[in-house]
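Structure first, then comments.
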Ligand SMILES: Nc1nc2c(c(=O)[nH]1)N(C=O)[C@@H](CNc1ccc(C(=O)N[C@@H](CCC(=O)O)C(=O)O)cc1)CN2
Ligand SMILES: Nc1ncnc2c1ncn2[C@@H]1O[C@H](COP(=O)(O)OP(=O)(O)OP(=O)(O)O)[C@@H](O)[C@H]1O
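Residue numbers (full-length UniProt numbering): 1 to 223.
Written as structure tokens, this is what we have:
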């Protein structure tokens, strides 16, 4: 079902989110389900090709080439796989960080460096992340504001660079400071092409992205 070209029940979402938060919330959940199913439906070959195409696009971007401290994620639930680029950048000596669910602080992330001695464990969502024992060591982490670039997983995106995540608000909460502070990391969403929709509902807490990169294109919103 090509959401972008066919008339879709989500076309009018942007208006409804402003006037009717309850129905907008319902729409977000329905849209999440649809798009998660769609990205999971890609087969292994399509996924592998998409991962390589993604690496090519990202390696053409100054925000990637200039960065020395970048946050990535390990793919889950059909997310586009950034590991080919992680491998390339690590060979170049770039510092790579992964999101870790913070203990005690509700729905926020730490960014913990991926090193040769990093031990990965599965978190409560089934996603591998650096073990808490290591993550708790301050010298292994960087605060979000000190990262050059953060590559974010997403469930859906639109041409304006709006992002729909898994629904926990983890990235939105962790990056809320970017609204006030001067220096901020470049925020880039990564997705399969099939995760693009016409227009996403915008929530007040949504942090706008500087770019979305898919296996097909680099999308730079104008705001
Ligand atoms: N690869 C990856 N890592 C990531 C994220 C992500 O989206 N992708 N996150 C981005 O935020 C954080 C984890 N956030 C998540 C939020 C919800 C669910 C999830 O699957 N929820 C289930 C039900 C929850 C449950 O089992 O209790 C669901 O909605 O079906 C997964 C991850 C941190 N790490
Ligand atoms: N800065 C914030 N402060 C407090 N609550 C927030 C903030 N950002 C998001 N939330 C809460 O988190 C919940 C989930 O937000 P949303 O649906 O936008 O998540 P998401 O962006 O899809 O998920 P994620 O960022 O984890 O990938 C919302 O109910 C919202 O109230």
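C-beta atoms are modelled at their ideal positions from N, C-alpha and C, and glycine is treated no differently.
Does residue 149 come out as helix, strand or coil in the three-state DSSP assignment?
On the chain shown, position 149 is the one that residue 149 refers to. The answer is strand: DSSP assigns residue 149 an E or B state.
So who's on the other strand from residue 95, going by DSSP bridges?
Here residue 95 refers to the residue found at position 95 when the chain shown is read from its first residue. Beta-bridge pairing links residue 95 to 69.
Kindly indicate the opening and closing residues of the alpha helix (DSSP H) around residue 118.
Within the chain shown, numbered from 1, the residue matching residue 118 stands at position 118. Looking at the DSSP string, residue 118 is not in any alpha helix (DSSP H), and its letter there is neither H nor E.
For residue 224, I'd like the list of residues in its chain whose CB is within less than 6 Å of its CB, leaving aside the five on either flank, ordered along the chain.
Outside the displayed range of the chain (1 to 223) lies residue 224, so it cannot be described from this structure.
Figure out for me which residue from 213, 168 and 137 has the closest Cα to the Cα of residue 186.
Along the chain shown, one-based indexing puts residue 186 at 186. Checking every option, the nearest Cα to that of residue 186 belongs to 213.
Determine which residues share a DSSP beta bridge with residue 109 and list them.
Here residue 109 is taken as the residue at index 109 of the chain shown, counted from 1. Bridge partners of residue 109: 101.
Which residue marks the beginning of the alpha helix (DSSP H) containing residue 174, and which one marks its end?
The count along the chain shown starts at 1 and reaches residue 174 at position 174. Segment 170-174, the alpha helix (DSSP H) holding residue 174.
Can residue 172 and residue 192 be called in contact, C-beta distance under 8 Å?
For the purposes of this step, residue 172 is taken as residue 172 along the chain shown, with counting starting at 1. For the purposes of this step, residue 192 is taken as residue 192 along the chain shown, with counting starting at 1. For residue 172 and residue 192, no; Cβs fall outside 8 Å.
Are the CB atoms of residue 50 and residue 80 nearer to each other than 8 Å?
Residue mapping note: residue 50 aligns to position 50 of the chain shown, counting from 1. Residue mapping note: residue 80 aligns to position 80 of the chain shown, counting from 1. Yes, the Cβ-Cβ distance between residue 50 and residue 80 is below 8 Å.
So is residue 27 buried or exposed if we call it buried at 16+ other beta carbons inside 10 Å?
The residue labelled residue 27 in the question sits at position 27 within the chain shown. Per the 10 Å Cβ criterion, buried.
With distances taken between CB atoms, is the gap from residue 98 to residue 74 smaller than 8 Å?
Taking the chain shown and counting its residues from 1, one reaches residue 98 at position 98. Taking the chain shown and counting its residues from 1, one reaches residue 74 at position 74. Against a cut-off of 8 Å, the Cβ pair of residue 74 and residue 98 comes out as a contact.
Can you look up residue 49 in the DSSP assignment and give me helix, strand or coil?
As a first step, residue 49 must be located in the chain shown, where it is residue number 49. Helix, per DSSP.
Around the Cβ of residue 62, are there at least 16 other Cβ atoms within 10 angstroms (buried) or fewer (exposed)?
For the purposes of this step, residue 62 is taken as the residue at position 62 of the chain shown. Classification for residue 62: exposed.
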